[in-house]
Amino acid sequence: METKKTIIFIGNSGCGKGTQAEILEKRIKEKGEKVLHIELGDEFRNFLSMTTDTSRKALEISQTGQLQPEFLAIHLWSKILNLYYGKDKFLILDGTPRTLREAYILDGALKFYGVENPIVLYIETKRETAKERMLSRKRKDDTEEKIENRLNWFGRDTEKAIDFFINDSYYDFFKINGEGSIEEIEKEIEEKIKF
Numbered sequence: 012m013e014t015k016k017t018i019i020f021i022g023n024s025g026c027g028k029g030t031q032a033e034i035l036e037k038r039i040k041e042k043g044e045k046v047l048h049i050e051l052g053d054e055f056r057n058f059l060s061m062t063t064d065t066s067r068k069a070l071e072i073s074q075t076g077q078l079q080p081e082f083l084a085i086h087l088w089s090k091i092l093n094l095y096y097g098k099d100k101f102l103i104l105d106g107t108p109r110t111l112r113e114a115y116i117l118d119g120a121l122k123f124y125g126v127e128n129p130i131v132l133y134i135e136t137k138r139e140t141a142k143e144r145m146l147s148r149k150r151k152d153d154t155e156e157k158i159e160n161r162l163n164w165f166g167r168d169t170e171k172a173i174d175f176f177i178n179d180s181y182y183d184f185f186k187i188n189g190e191g192s193i194e195e196i197e198k199e200i201e202e203k204i205k206f
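Each position in the sequence shown, counted from 1, maps to that position plus 11 in our numbering.
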């Protein structure tokens, strides 16, 4: 059986990757295909609502907008892969990897599953655009301070993961202009990945 495509959405908070991942998931499902969509932000929010010592400590980190420890992120997405992934499903990853080490671990997981040429969609936005979008969505974790912290760790940590994908021929890397409307971004993605 041919392995279905894997699509990794990466970009700073507020770039629109979640919206575009949902649009792509819907498009794929309309063709009768199965999709496993892992949205790391949602997984973290679910995890933070638990009442374990680990989730309480992670909540403290979340309340400042700092980057969660890599082991938690890897645990959340790898647990889902272990339980639900199969070659008969398209895999959409949204919001991971956030660091170079996470990229290395994800790379090993994708190769373990026999994924061929994963697609990386880097939705690039200006810092101010991302900040405006996050403030307009009015989520309780989108305060000015937390937004600044998230944008700072993106520049410090996530850009290294992006460079990894750019420089590894195993990945089909596409930079997407995230400054446009939802429809413009969707159109650019459709033009770049045809399946």
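Where a beta carbon is used, it is the ideal one built from N, C-alpha and C, also for glycine.
Query	Result
Counting pairs of Cβ atoms below 8 Å between the segment 30 to 50 and the segment 141 to 161, do you hit three or more?	no
To the nearest angstrom, report how far apart residue 12 and residue 95 are at their CA atoms.	The pLDDT assigned to residue 12 is 49, lower than 50, so where the model puts this residue is not dependable; a value taken from the coordinates is nonetheless given after this. Roughly 17 Å between the two C-alpha positions.
Kindly give me the distance between the Cβ atoms of residue 111 and residue 172, rounded to whole angstroms, as I take these residues to be in contact under 8 Å.	5 Å
Measuring CB atoms only, is the segment 29 to 39 touching the segment 120 to 128, in the sense that at least three cross pairs come out at less than 8 Å?	no
Taking 8 Å as the cut-off, does the segment 70 to 81 touch the segment 138 to 146 (at least 3 CB pairs, one atom from each stretch)?	no
Would you call the segment 122 to 136 in contact with the segment 78 to 85, where contact means no fewer than 3 C-beta pairs closer than 8 Å?	no
Could you tell me the alpha carbon to alpha carbon distance between residue 26 and residue 189, rounded to whole angstroms?	6 Å
Helix, strand or coil for residue 169, going by three-state DSSP, please let me know.	helix
Where does the unbroken beta strand (DSSP E) through residue 183 begin, and where does it stop?	183 to 188
Measure the Cβ-Cβ separation of residue 177 and residue 185 and say whether it is below 8 Å.	no
Based on DSSP bridge pairs, tell me the residues matched to residue 17.	102
Give the secondary structure of residue 12 by DSSP, where H, G and I count as helix, E and B as strand, and everything else as coil.	Any reading at residue 12 is ruled out, since the residue's pLDDT is 49, under 50, leaving its predicted position unreliable.
Helix, strand or coil for residue 135 per DSSP?	strand
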